Ligand SMILES: Nc1ncnc2c1ncn2[C@@H]1O[C@H](COP(=O)(O)OP(=O)(O)OP(=O)(O)O)[C@@H](O)[C@H]1O
Ligand SMILES: Nc1ncnc2c1ncn2[C@@H]1O[C@H](COP(=O)(O)OP(=O)(O)OP(=O)(O)O)[C@@H](O)[C@H]1O
Ligand SMILES: [Mg+2]
Ligand SMILES: [Mg+2]
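Protein chains in written order, with this note's numbering: chain Z, 2 to 322; chain B, 3 to 345.
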């Protein structure tokens, strides 16, 4: 076995063309994910996390333009592939839990049948009884087996979310992208599912990209974490290091404001200023208008990469603790 | 029912005004396997839920996925009809009125004053309508303002929820927004009507801390300034801690614990609430948590047996809990209600 990454993304750029101009949703992003590793992606609402996910699966709307970069999945670049060539990779090798739970279930078919169909279309599990597999998957995501025969509208929000997690796991992919997969789950069910997913990850050496706003879940689930701001990665590194000693001022802001259920009830703070307009992002470092440490350089010139062990950040004035 | 009378004891300050009273609300969904099925089973989605909501108050609802939170919210704003029970809501002249009997102008008034922010922002928006049309729709329906006034009001509201600059969002379609941006459009649509009551079903689940805090502050300010009341459904107990004066914890269609937020969170009485709190993840990669004290796995309330709904999963249940009907919500001291024989 080599230690080649499962997924290597290099200088990826994906923009949306709109009447008002070009939205730079993914603007030069590079990272890689090792076999069996979990990468967390965090960042402000609208910074481009789902856009990265949809680009990796090449499930893009008509107004999207994959401008540059490469996406190597097991060494094969997905970018030049046609839709036909892409199909064998999707779900079998790279699968996804969509942020839009409802949109990914067909309202007119029973949920169990939809999963059976997915299994049969991608016959990595051929020979096994598909219905038996559906039962296994339902158990894994804490869904009562009686719901196999029900329609999506009979599910609660969190039940739908669990059904699409089951669907994404069905074909045992090499890498799964989970986009806010547990927003509609209570913490007990969430805990159960995350543990089950970690077990599968270890036994199958499955990799994962976990997109979430919940810094606590990322801390529990992810080996490495990438922090995004305005279409770019601004910090990346082992989760323990990034949480203990964040380099980028934006990362520090994310870490400091976390509300807790226990202990003293501290005042909640918001980042000053407004989220960046991706139609016309600020020059230099996009975070500069909201950054307490911003200097003239930050306003004019793209920031350099600062390294500290396996951790890096793009910043002119990195924290030096 | 005895539960209903017990519940109403939890009314906070005597000076505040009652806006809404839910009395013994139940919702059952038939689970028929076909026309030949003479004795269909029922999902007891909501089962005898009662509470009061004061003007300007935020009541949090937390609980297991599938326990009936959304269904409860939908009944309160008359988007679902209760199988049993009533919702009383303060009408324009200040009297409590059963919302099931509203029609004509009073129903229209109710539709304006009681809004819902839906859990799934992908499902609840017409993909062919722009953001402006989506947010302005209730204004249009209620014939409020002319086009220019609506444009101004919609822009202002988008700004309030952090969709800035509003001009760059007004004429986009829902699919051109991120998940969290849609969620804020849904909040804007509910708030644009200056409602008196909002059922907010997981309204900030897709928002980062900073924007979430901004929205929470906005909602809190509107509660203080305009007396808006919220039923705030959430899985995020930290959000509930900051938003809600009281919390109700639900399990399989029942309220199992209710009380002042800080009391419930720091000092839970019911074994389900305890388990829930112990499952909250901590934002520290080095930390470890104790195992969660709960048995078995998630069940569904299909034709439930006449025993405590939590019996199968409870770490402290005994034969008494098995052999008796679901326990009533009872005062366990200092206004805290819990439905447990052992607590
Ligand atoms: N089809 C589209 N056309 C134009 N703009 C789009 C389109 N889809 C998304 N956008 C914009 O691209 C940016 C990135 O969106 P994306 O969905 O990737 O954000 P996100 O990081 O996933 O946010 P969230 O946490 O809110 O889900 C947003 O500003 C959004 O408004
Ligand atoms: N239209 C329906 N037909 C049949 N059963 C339904 C219907 N709507 C909801 N249910 C069932 O009622 C129960 C309560 O659902 P509800 O959506 O109220 O849960 P919830 O507490 O909001 O859950 P979540 O946190 O997952 O959103 C669930 O068991 C669900 O399957
Ligand atoms: Mg997203
Ligand atoms: Mg719900």
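Where a beta carbon is used, it is the ideal one built from N, C-alpha and C, also for glycine.
The structure presented is a predicted model; accordingly, all values stated were derived computationally and were not measured.
Check	Outcome
Any beta carbon from chain B within less than 8 Å of residue 209 of chain Z's own beta carbon?	no
Name the one or two DSSP bridge partners that residue 313 of chain Z has.	Z:237 and Z:308
Please name the residue, chosen from B:177, B:231, B:170 and B:46, that lies closest to residue 196 of chain B on a Cα-to-Cα basis.	B:231
Using a Cβ-Cβ cut-off of 7 Å (strictly less than) and excluding sequence neighbours within five positions of residue 73 of chain B, which residues of its own chain qualify?	29, 47, 48 and 82
Apart from the five residues just before and just after residue 109 of chain Z, which ones in its own chain have a Cβ nearer than 8 Å to its Cβ?	152
Go ahead and label residue 289 of chain Z buried or exposed: buried means 16 or more other beta carbons lie within 10 angstroms of its beta carbon, across all protein chains shown.	buried
Is DSSP giving residue 158 of chain Z helix, strand or coil here?	helix
Distance, Cα to Cα, residue 63 of chain B vs residue 245 of chain B?	11 Å
Report the neighbours of residue 137 of chain Z on chain B: residues whose CB is nearer than 7 Å to its CB, in chain order.	Here the premise fails: no neighbours, minimum Cβ distance about 13 Å.
From residue 293 of chain Z to residue 281 of chain Z, what distance separates their C-alpha atoms?	21 Å
Can you grab the Cα-Cα spacing for the pair residue 276 of chain B / residue 268 of chain B, in whole Å?	10 Å
Just the C-alpha distance for residue 334 of chain B and residue 238 of chain B, rounded to the nearest angstrom, thanks.	25 Å
Can you list, in chain order, the residues of its chain whose CB lies under 7 Å from that of residue 16 of chain Z, leaving out five sequence neighbours each side?	23, 24, 25, 26, 66 and 68
Unbroken beta strand (DSSP E) runs of length 3 or more, entirely within the segment 82-152 of chain B: which are they?	86-92, 98-100 and 116-119
Can you name the residues that DSSP bridges to residue 262 of chain B?	B:248
Would you call the segment 158-173 of chain B and the segment 83-103 of chain B touching, i.e. three or more CB-CB distances under 8 Å?	no
I'd like the ranges of any alpha helix (DSSP H) spanning at least 4 consecutive residues and lying wholly in the segment 26-66 of chain Z.	50-57
Using C-beta distances below 7 Å, list every residue in its chain close to residue 295 of chain Z, excluding the 5 sequence neighbours before and after it, in chain order.	289
List the residues of chain B that residue 181 of chain Z touches, going by C-beta distances under 7 Å, in chain order.	181 and 208
What's the C-alpha gap between residue 270 of chain B and residue 337 of chain B?	13 Å
Given a threshold of 16 other Cβ atoms within 10 Å of its Cβ, counted over all protein chains shown, does residue 18 of chain Z qualify as buried or as exposed?	exposed
At 8 Å on the CB atoms, spell out the chain Z contacts of residue 163 of chain B, in chain order.	Simply none; closest approach about 11 Å.
Compute the minimum distance between the beta carbon of residue 19 of chain Z and the heavy atoms of ligand 1, and state whether it is under 7 Å.	yes
If contact means a Cβ-Cβ distance below 8 Å, which residues of the segment 84-98 of chain Z contact chain B?	none
Shorter than 8 Å from the beta carbon of residue 202 of chain B to some beta carbon of chain Z?	no
Quick check: is the beta carbon of residue 215 of chain B nearer than 8 Å to any beta carbon in chain Z?	yes
Tell me which residue opens and which closes the beta strand (DSSP E) that residue 48 of chain B is part of.	43-56
Under 8 Å Cβ to Cβ from residue 12 of chain B, same chain only, skipping five residues before and after it: list those, please.	Confidence at residue 12 of chain B is low in this model, with a pLDDT of 40, below 50, so its placement is unreliable and no value can be given for it.
Could you please tell me which residues of the segment 61-72 of chain B, in chain order, have their CB closer than 9 Å to any CB of chain Z?	64, 65, 66, 67, 68, 69, 70, 71 and 72
How far does the alpha helix (DSSP H) with residue 148 of chain Z in it reach, from first residue to last?	Unbroken run through residue 148 of chain Z: none, as it is neither H nor E.
Determine the chain Z residues that contact residue 244 of chain B at a beta-carbon separation under 9 Å, and present them in chain order.	260, 266 and 269
Check whether the Cβ atoms of residue 75 of chain B and residue 160 of chain Z sit closer than 8 Å, and answer yes or no.	no
Using a Cβ-based criterion (distance less than 7 Å to any ligand heavy atom), does residue 50 of chain Z qualify as near ligand 5?	Ligand 5 is not among the ligands present in this structure, which contains only ligand 1, ligand 2, ligand 3 and ligand 4.
By Cβ distance, which residues of its chain are closer than 6 Å to residue 19 of chain B, with the 5 residues on each side in sequence left out?	57
Which ranges does the beta strand (DSSP E) cover as unbroken runs of at least 3 residues, wholly within the segment 178-253 of chain Z, from first to last along the chain?	208-212, 225-230 and 233-239
Would you verify that the beta carbon of residue 277 of chain B is, or is not, closer than 8 Å to some beta carbon of chain Z?	yes
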